[in-house]
Each structure stands twice: as C-alpha cells, then as structure tokens.
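**Q** I'd like to ask some things about the structure below.
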Amino acid sequence: MSKSNPVTPNKQPPEDWNQLLNEFIQKSGRGLQKTFIKKLWAVHEDILENANPSILRMMFFSTALTACPEGVKLVAAILFKIGVANGMTLVEKNMTKYDMTDAECQRYGQVFTTAWLDAFQEGEFDLAEEMENDIIRVICQNALYAQKPLGSKFRKMLVPFATSKKQEVSVDEMISRILEGCLWRALESSNYIVQSAASEVFFMFFPLTGEDKENMEKLMANQYRYISDLLQSDIVPIRTEAIPRAMRTLGDYWFIIDKAVAKQLMTYIIDTLARDSVVGVRVAVYEGLNEIAFNPNCMNAFEHGFKCAAKNGVIDSSERVRLAAFQCLAKMKNHKFISCFDIMHRDDMISVLDLENVEDCRKQLIPIIHIFIPISKSLDEAHYRPRVNYMLDKSRIALLSYFRLLGPLKIIDGEQAEELISMFNRWAYRLIRKKDQTELTETSEGFRRARAYLECSLIIYMSCKRILIFDCEPTVKAKIDQMFGKIVKQIFENYGNTPLLGTATAISSVIPKEHLKTVAADVLARLADDEVPEEAVEPFLESAIHINPESVFDSLSNGLNVFSDLYGEQPKQSKKKKRDVGDPNETLQTTLGRLKYVLQSHSTSSLLASNDTFKPKILHLEKKIDFVREAIEKRLAKEENEENALSDDNLLLALEFRFILPLYAVSENNQDEAERKLIIDSTKDLLRWFQNNVAGSMSQIGEHNMEFFIKLSCLFLNCITVALSAYDFKTRPVEYEDEEDAENQSPEDKEKEEEDETTVAQLISEITTSFSNSNTPAEIFVPILRVGAILCEESYSETHTSMARLLRFTPKWLNRQCTDLGDDEFSLDQEKEIADGIRQLHKKVNETDQWDEEMANRLFSHCFCFAVSSIMDDDEEFEDPRSEDYKPPPFITLAVIKWILKDKILANKFFDTFYKKCLSEDAKILPESEGQSETKRKLTELVIVSHFLRILEKYSKTNLQQIKKGIETCTTRVLDCFANVSDLDTVDNSIMNSISKILDVDLPDGY
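Read left to right, the sequence shown gives residues 1 to 1007 (UniProt numbering).
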C-alpha cells in the first residue's frame, strides 16, 4: 500500500472562474470573505482573459474586493484591463456618490501603487507614464486643492505611495517629480486650507530628493525652510498640526538631517512653542514629544527637550496641556533607558500631585508615584513605612490622592487592599493607644502621622469597598470593620477634643453599626449629659446619628419641650414628678444648634432625606416647634421694659426650622397625594398665620419691637424664597370631595373649601401685597422684591397681576424711603440690594402677560416725577452735576442710575418718555400757580430739566447724543426767553444763577 507524502498537501481541484463570477454578481460585490477573494485571485488570469468588461468594471468598483492583499493585486490587474482613465473615473464616482471611508480610500491608493510598480518593473513605461498623468497627478492635485472632505480622502490615497517611497527608489523619484512644482506653490498659498493640506502631504513624503543629485543640498535646505515656516505660521491650525509632524520627521530622519537645523528646530519648539499663548499649540508640543519618545535615533534630544518642557507643562494653567504633559511623562514608565525621575525629581512630582485638582491629570501621575511606593504581594513594612513617611512629610494631600486612586485604577487587588488597610490601622493604633505613655499632643509628630495613617486606611477602604465585598472572603471585610471599631472607640475615649475625632466620625459613618456598639453607649451618654466640649459637639452628633439616630431624635424632642412647657397647656404635675429643665433659653439654644447641624451636615442631611423612616420623627419635631408662633406673638406684644423668656435669636431660628422641617419630610421616591396635601396645608397654615398676626399688624408694632419685627419679616420672606426653590408648590392640591358632597355642603364648609383652594403662591402674593406700604422698611422690601420675581414664573400665573401692581408701587415706596432719609444715606450694600431687586422684578414682570406698554410708560412717568421732585429746592441754587463732589439725590441714584441706565432697552424707553414730558412744545412740568409769571415757571422747568440732563450726561454710558441734543434744546429755549420776554425781573436770582452755571450761558444785563 502506497503512503502519501505528509509534507506535500493534497492538490485542490482548480476553481471554476465562471462560477466564482456568478457568485460575485449574486453578492453584488458586498460582504466578500477573504477566502472567496483568494479564490478569485487564484483564477485571475482566466477572469481577465474571459470576463465581460462590464463585469470587470463592477469588480473594480467593489470596495470589498480590496480587503486583503490578493484582492488589491486583482483590482490592480483589472485596472489595466478596463483602462487607466476609466479606473480613475470609477474611483471618483465611488468617492463622491457613495462616500468611501478613509480605509477604503487608502486601499485604492494601494491598488494604484501596486499597478504602477507592476508596470514600471515589467518595463511598460508608457503605461506607467499614463498612470502618472491620469491618476497620480490627479490624486496629488486633489489632495492639495480639493475642498473638504474630498481633499482628505485623496490624501488617504497617497499614504501607500509614501510607504512605498521609503522602500522603492523608483517610487521616490516618481512622486518627487510630480510633487516638486505643485507642492511648493501650495505651501506658499494664501489660502490656509490649501496650506494645511500641503503641510500634511509635505511631511508625508519628506524628504523629497528628486532625480538631480547635484542639487540635493539646495533642495533639502528649501525643505528645512518650509518646516521652519510652518512652525512659525501665524495661522494657529497650521502651526498646531505642523508641530507633531515636524517632530516625527526629525525623529525618523535624525541621522540625515543637518544637525544645526535639527537643533534650531527643536530649540524653537521647546523654548517658544511650548510657551505659546494658544492652548492647542502647547498641547501639540507634548503630542510631538510622544511621537519621538521611543525613537532610538534621537533619544538624547528627546530627554533634554522633555526635561525643559515638562517643568512648565505640569503646572500650566490649562488642564489640557497638563494632561498631555502627564501622559507623556507616564509613558516613561515603560521606557528602557529613560526613567520618569530623570525627567522630573520625585519631590517635584509629589508637589505637582498636591496642587493638581483635575482628576484625569491625577490619574496619570499615580502609576509614576507607584514606582516610588511599590505594592507587592510580599509587603515589607520596614521597607514601606519610611517611603510613606517621606511622602507624608512632603504632602499629606498627595499621599491621600495616591491611595484613593489605587483601587479605581486597578493597581491593587482585594488582597493587597486588605493588607494596606490592616497595615495602616496597626501603625495608627500603636501610636494612639494609651498604656503607660501620655496622650499624643496635636502638635506632635506621632499625632500627625497617626491621623494620616487613619485617613489613608479609610480612603483605601472607601475606594476599594466593592473589591473587598465581591472579590474577597466575607471574613476579610469583617476583620477590617472590627479593627476600625476598636480604633474609633480608642479615639472617642482619649482624643475627643482633637482633630482625630473628625476622622473617627468619618469612619463610624461607613462601617456597620454592629462594630460600634461599644462606642455608642459612651457617645450618647456624653451627649445627653452635655459633657462634650463645644468644639467636639458636631463630630459627636454626626457619629451618634449614624450609630443610633432614634436617640438623637429623642434628645432633640426633649429639648423642644421648652416650647410646650412655656406656651402649651400642660397637665398639673406633682412636685416629685416635675422635671428640672434648667434655663429654658440655654436648653433651646443647645437643641436648635444641634438640629441645625443635623440638617446642614451633608452626611446627616443626606441620611435623613434618603430614608423615609425618619419622616414621622421630623414631623413630630415640627409639631413641637410649632409653639414658636405663640411665642412670637407674645414677643411682638411685649411692653418696652418687659423681659421675654426666650431670646430673639432662638425665636427666629425656631421659626426657620418650623418653615423648612416639613420639606425634609418629603418622601424621596414615592410621594403620594395625601403626603403632598399635608405639606401644602402645613405651609399654607404658616403663611396665613404670618399674614394675619405679623404682616397685618405692622402698623400696631411699637418702636421698641420694630427691630425684631424687621428681622422676623426678613427671615420669613427669605424662608419663602428657599421653600419655593426646594419644593414644587405649583400644582393645586387634590381635593377628595365628590360632586354629591359638594351640593350638600353647609356655608361654613364651603368657606373652608374656598380657603383650601387658595394656592400657596396666592397666599405669598397676599403677604407681599400687605407689605406694599410706603412705611415698609427697606430691609423688608428687598426680600419682597426677590419673592415677587419668583412669583412671576409662568407656573404662578394667578399672581402675575399682583406682581405687576407691586412693580408699579415700587417708585412710590422708593421715593418715600429716600425722602425719610433726610441727611442720611443708604449704604453701598443697601443701594446694590435695592437696585438689583427692582431690576430683577422688572425683568420678570416684563415677561408676563400682565405687563404692557401703557403700564411701562406709567412706571417711567412716576420715576420721572419723583426724580424731578427730588431735584427741586425753592430756597437754594441748583448744584452743577459736573462737579467732582456732586452727589445725585438718592432716588435718582437708585431708580435712574443703578436701575434704568443699566439696561439699554429701559434707558431708550425712559428717554422717549422723558422727551415727551419735558422737551415737547406743549410740555409742562410744574403746575400753574397764582401770582407766578409764565416766564418764571418756564425758566424753572428748564433749569430742572437741564439739571437732570447733566446728571444723565455724567452717569450714562449710552444715549449721549440724545442727552446732548436735550441740553442744546434747553439752551436754545433759555436764550430765546432771555431775548424775547420782558418780565425777567420776576425770576428769582437762584434760578438765573443756576441756569448760567448748568447751561454755561451768559445772563442778560442786570444780573
């Protein structure tokens, strides 16, 4: 029996070319597998000899056929069969109509490269020349001058030519001959798009040697000049793109480029472009350094250049530049010959990590620091601890940032995380435990290190918590939690007055409660007995609410019993059972302070907001603190020398909690209608109380209680602003009565139902309206303006009419306040708050449907009338507003200068109203009075108007032409009056002198 040769494979039967073509046609030239393309190449001679030309053109047109080298050779062979010009036409059609990808364009470039090489190597020079003229020149011209995105596709076709240029001398000479003329013209083009395309082609084919070897030196010098010009281009995109290309070119051809030129180019890039004012250019420098980082040709130049550039790059003001510098620096970790610490000293890296505030930049530095503090499976504490201490001495923040990112960057696994946490806990516990030695002082080195060790341990625990839970045994995490519990107990016992308490509080908030049982009793007992120092109350309280929140709420509830003891109806108690609450004011102050911290602390407030089990406890506190309303009523009714049981500060703080506590009781995910109705009813009840008992009784408040009334009203209005931002009061509460019940309701029930239908926004609107009084103090009116601006939102449409009235009343209130000032002045802060409040209210009201042109004109008329009233003074001359020490009247300062003139549109409307009222032919500002001549009235009006225009001229940045025209009109009318009237002697000297001073005119003879 004969044996087959195991080395020689069985010969496959030849493929049927006709059957393969039929299969190609059925697939429409799409989705071709590489094995099928190889079969086509195996019978390519038969296909080229026998196939129909239309089939060949279809095969050339199929981009899927170029997916492998055999397909590229087959399409290159088809090109000569269908004709060079036809092939280029098919490629252009495929590119423009069917949007070829960049990869497909590059494969067709490989087809043309292969076809030209085949023709040149087989001696068919006419065919090669035809390809140069009909294909390669067309590609080069379009690559340089075609518009985007067509030009970029042609440039992709040139990539295979650039690759072959480095391998074949013939391709080098051919492409240099074609590009020699058009490329230089494109590089010098004034069109930056053409110049950018030429830059890409130039660096792609650098160096262009040409066929004339005698002029090689001149040709290379010309190319060096073009590289320098591109790097120094004024066009930012060209300069940016040229930097990495130039540096890659320098690295690839380091040994053939003139060393003086290379030094000059590298010096310019590192010393000048690395400090360029454009961020993208500075980023490009480090991208270019990345290009040559591992190029052995220019390793010394790279190291020297990167040392110089990195110093500024890692502290650059732009995070993009810093990120690029850090990425280049991180690559040095894998470099065989250059170390990261050769580029930058480790102390400098620690300092940079300490200052860096962008997370992506920090992440690039962590693997580098890991070289300095390596973590292996066999961790040697004697070797590791000095390195940790060294970094801690340099920067605590850098040390914490390093250990925080070890887990997220997957540098350590669960086992290593557990070992690190245990190691840091042991180091810290050995320092803080109290045996025969005294406690560590806050300034000692041991205390500082113990705190840092615990922070490192905690931050590793928090960042690797998922790894410890899912990738380790359950006993590993339990062991760590138990160790943390032991350390927390030690700190609470011996270091309760030190910063270590904050670290212990943070630890207690993340570990399970069962590991804190030994700590809980001591913490709660010390809080209950008020044995905790004032500076340590907050961390103790935070720990207590994480350990046993029920006890904290019980403590707060007991403290709030002060209200029920003083103002509630309490059953009579025997002397034996009567509890001693001590000083009620101090008790309430302590309780409210703790409640304030619980609500303000991020960790505790998040706990309350995310857990619905605390909702009943919060509502219980609200019910107890509701007695503050009765306490405030008694405080407002207090006689002048009468003592009050509770301080004003405590009453105001308690009212603030009464307002916001219901908002903390909102369920996070499943709020139902009953709960919504409860919150809205609670808010409405509080608003009605304030409207009836506080705002409505403003006129009855005595002078001795006015200061408290102002503070109370401001606080309440600010709470309204917070509530409108924190909760959606826009939807009316759902009613539960059906139609049949509504028909049988009594008058009392109907009245109650009408009250229930009143929205929260309407009640707030009524409160703001009740304060629309000329006697309302400025401290109260400013918060009213802020609330009014919020009520102008589209969803509060029922209040828009009231807010429009509030805006119309604002000039009247402002005039009264300015009049009552007398010789006093508003402070700068008060002026800013009033002007900002009016401006915001006007902007919001102007966006509603209740504000129209007529109302705007009326508002400006009021402003002008009050402005004129503030200027007039019968006894004295008008001051010249152009003098340096002149101060405008308060009303003009607030209403005109700091409100109207700040808005160009408002200023234009105001000037239109001003000209109609003051400078029209029939304008009259002052009323006619008996015994006053027409000339005196007219000149008095003109001096008022000119005085006002001089004020506007001094403070207005726009409308200067209108102001100048108005002054000229006043001057003309004054001179006309001087020339034509005969009763100038009836005009007061103060008016005449004011006219002369303000309008710079000469008075008639006799004055």
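Think of the CB as a built atom: it goes at the ideal place given N, C-alpha and C, for glycine as much as any other residue.
Since we're looking at a predicted model, the values are computed, not measured.
Starting from E854, trace the alpha helix (DSSP H) in both directions and tell me its first and last residue.
**A** The sequence position of residue 854 within the sequence shown is 854, counting from 1. From DSSP, the alpha helix (DSSP H) with E854 extends over E853 to I871.
**Q** Would you mind working out which of S605, H947, T113 and K73 sits nearest P549, comparing C-alpha positions?
**A** Position 549 of the sequence shown, counted from the start, is the residue given in the question as residue 549. Residue S605 is the option with its Cα nearest to P549.
**Q** Closer than 6 angstroms by C-beta to K730: which residues in its own chain qualify, once you throw out the five before and the five after it? Chain order, please.
**A** Within the sequence shown, residue 730 is the residue found at index 730, counting from 1. If we look at K730 and ignore the five residues flanking it on each side, its Cβ neighbours are S795.
**Q** My parser needs the alpha helix (DSSP H) runs of 4 or more residues fully inside the segment 132–190; what are they?
**A** Correct list: 137–145, 150–165 and 169–187.
**Q** Got a sec, what are the start and stop residues for the alpha helix (DSSP H) I459 sits in?
**A** Position 459 of the sequence shown, counting from 1, holds the residue named residue 459. From DSSP, the alpha helix (DSSP H) with I459 extends over E445 to S463.
**Q** Less than 8 angstroms between the beta carbons of L949 and I963, yes or no?
**A** Residue mapping note: residue 949 aligns to position 949 of the sequence shown, counting from 1. Residue mapping note: residue 963 aligns to position 963 of the sequence shown, counting from 1. Yes, these two residues count as a Cβ contact at 8 angstroms.
**Q** Which term fits M803, buried or exposed, when burial requires 16 or more other beta carbons within 10 angstroms of its beta carbon?
**A** Reading the sequence shown from its first residue, position 803 is the one you call residue 803. Answer is buried; the Cβ neighbour count reaches 16.
**Q** If you check the beta carbons only, do K957 and D880 fall under 8 angstroms apart?
**A** Locating residue 957 in the sequence shown gives position 957, where the first residue counts as 1. Locating residue 880 in the sequence shown gives position 880, where the first residue counts as 1. Contact: no.
**Q** Since D413 and I469 are thought to touch, with beta carbons under 8 angstroms apart, how far apart are those beta carbons, to the nearest angstrom?
**A** Here residue 413 is taken as the residue at index 413 of the sequence shown, counted from 1. Here residue 469 is taken as the residue at index 469 of the sequence shown, counted from 1. With a Cβ gap of about 13 angstroms, D413 and I469 do not count as contacting.
**Q** For V476, which residues from the same chain have a beta carbon less than 6 angstroms from its beta carbon, with the 5 sequence-adjacent residues on both sides left out?
**A** In the sequence shown, residue 476 corresponds to position 476, counting from 1. The residues are E418.
**Q** Flag this pair as touching only if the segment 133–149 and the segment 79–94 have three or more C-beta atom pairs under 8 angstroms; answer yes or no.
**A** Output reads yes: the segment 79–94 touches the segment 133–149.
**Q** Please give me, in chain order, every unbroken run of the alpha helix (DSSP H) with length at least 4 that falls completely inside the segment 960–1003.
**A** You should have 960–980 and 989–999.
**Q** Taking all protein chains shown into account, do 16 or more other C-beta atoms lie within 10 angstroms of the C-beta of N989, making it buried, or fewer, making it exposed?
**A** As a first step, residue 989 must be located in the sequence shown, where it is residue number 989. Exposed.
**Q** Let me know if T683 comes out buried or exposed under the rule of 16 or more other beta-carbons within 10 Å of its beta-carbon.
**A** On the sequence shown, residue 683 is found 683 positions in, with the first residue counted as 1. Buried: at least 16 other Cβ atoms inside 10 Å.
**Q** DSSP state of M100, grouped into three classes?
**A** Within the sequence shown, numbered from 1, the residue matching residue 100 stands at position 100. DSSP places M100 in coil when its eight states are reduced to three.
**Q** What are the start and end residues of the alpha helix (DSSP H) that includes F614?
**A** For the purposes of this step, residue 614 is taken as residue 614 along the sequence shown, with counting starting at 1. F614 -> no alpha helix (DSSP H), and no H or E assigned at all.
**Q** Using C-beta distances below 6 angstroms, list every residue in its chain close to S62, excluding the 5 sequence neighbours before and after it, in chain order.
**A** What you label residue 62 is simply residue 62 of the sequence shown in a count that begins at 1. G29, listed in sequence order.
**Q** By alpha-carbon positions, which one of G305, A665, E825 and D849 ends up nearest to I680?
**A** Within the sequence shown, residue 680 is the residue found at index 680, counting from 1. Among G305, A665, E825 and D849, the Cα nearest to that of I680 is on A665.
**Q** For L231, which option in F771, T613, I270 and L208 has the closest C-alpha, if you only look at C-alpha atoms?
**A** As a working mapping, residue 231 is identified with position 231 in the sequence shown. Looking at the Cα atoms, I270 is the closest of the given residues.
**Q** Have a look at R239 and F403 and give me their C-alpha separation to the nearest angstrom.
**A** Locating residue 239 in the sequence shown gives position 239, where the first residue counts as 1. Locating residue 403 in the sequence shown gives position 403, where the first residue counts as 1. Using only the alpha carbons, I get a separation of about 40 angstroms.
**Q** Whose C-alpha, out of D685, V787, S378 and S697, is nearest the C-alpha of N718?
**A** In the sequence shown, residue 718 corresponds to position 718, counting from 1. N718 has its Cα closest to that of V787, out of D685, V787, S378 and S697.
**Q** Could you give the distance in angstroms between the alpha-carbon of E630 and the alpha-carbon of L859?
**A** For this step, residue 630 is matched to residue 630 along the sequence shown. For this step, residue 859 is matched to residue 859 along the sequence shown. E630 and L859: Cα-Cα distance of roughly 41 angstroms.
**Q** Ignoring anything shorter than 4 residues or poking outside the segment 18–81, list the alpha helix (DSSP H) runs there in chain order.
**A** You should have 34–42, 44–50 and 53–61.
**Q** Go ahead and pull the three-state DSSP assignment for M344.
**A** Locating residue 344 in the sequence shown gives position 344, where the first residue counts as 1. Correct three-state label for M344: coil.
**Q** Cβ of M59 within 8 angstroms of Cβ of F24?
**A** As a first step, residue 59 must be located in the sequence shown, where it is residue number 59. As a first step, residue 24 must be located in the sequence shown, where it is residue number 24. Closer than 8 angstroms, so yes.
**Q** What span of residues does the alpha helix (DSSP H) with K684 cover, start to end?
**A** Here residue 684 corresponds to residue number 684 of the sequence shown, with the count starting at 1. Its alpha helix (DSSP H) spans residues E673 to N693.
**Q** If we ignore side chains and look at the alpha-carbon of each, how far apart do I368 and G313 end up?
**A** Along the sequence shown, read from residue 1 onward, the residue named residue 368 stands at position 368. Along the sequence shown, read from residue 1 onward, the residue named residue 313 stands at position 313. Rounded to the nearest angstrom, the two C-alpha atoms are 16 angstroms apart.
**Q** State the start and end residues of the unbroken alpha helix (DSSP H) segment that holds L832.
**A** Taking the sequence shown and counting its residues from 1, one reaches residue 832 at position 832. At residue 832 the sequence reads Lys, which differs from the Leu that was named. From DSSP, the alpha helix (DSSP H) with K832 extends over L828 to N846.
**Q** Pick helix, strand or coil for P499, following the three-state DSSP scheme.
**A** Residue numbering aside, residue 499 sits at position 499 when the sequence shown is read from its first letter. Correct three-state label for P499: coil.
**Q** For the candidate residues I315, M299, E122 and Y145, whose alpha-carbon lies nearest to that of K336?
**A** Translated into positions along the sequence shown, residue 336 becomes position 336. Per the Cα distances, M299.
**Q** Can you give me the Cβ contacts of E877 inside the same chain, cut-off strictly under 6 angstroms, excluding the 5 residues immediately before and after it?
**A** On the sequence shown, position 877 is the one that residue 877 refers to. Only S990, N993 and S994 meet the Cβ criterion.
**Q** Might you give, ordered along the chain, the residues of its own chain that have their beta carbon closer than 8 angstroms to the beta carbon of F125, omitting 5 neighbours on each side?
**A** In the sequence shown, residue 125 corresponds to position 125, counting from 1. A119.
**Q** Using the beta-carbon count (16 or more within 10 Å), is W817 buried or exposed?
**A** In the sequence shown, counting from the first residue as 1, residue 817 sits at position 817. The sequence as given places Gln at residue 817; Trp does not occur at that position. Q817 should be labelled buried.
**Q** CA-CA distance, E359 and A324?
**A** Taking the sequence shown and counting its residues from 1, one reaches residue 359 at position 359. Taking the sequence shown and counting its residues from 1, one reaches residue 324 at position 324. For E359 and A324, the distance between alpha carbons rounds to 14 angstroms.
**Q** Please give the ranges of any alpha helix (DSSP H) in the segment 247–289, keeping only runs that are unbroken, at least 4 residues long and fully inside the region.
**A** DSSP runs (the alpha helix (DSSP H)) wholly in the segment 247–289: 259–271.
**Q** Taking only the alpha-carbon atoms, compute the straight-line gap between W689 and E703 and give it to the nearest angstrom.
**A** For the purposes of this step, residue 689 is taken as residue 689 along the sequence shown, with counting starting at 1. For the purposes of this step, residue 703 is taken as residue 703 along the sequence shown, with counting starting at 1. Between W689 and E703, the C-alpha separation is close to 22 angstroms.
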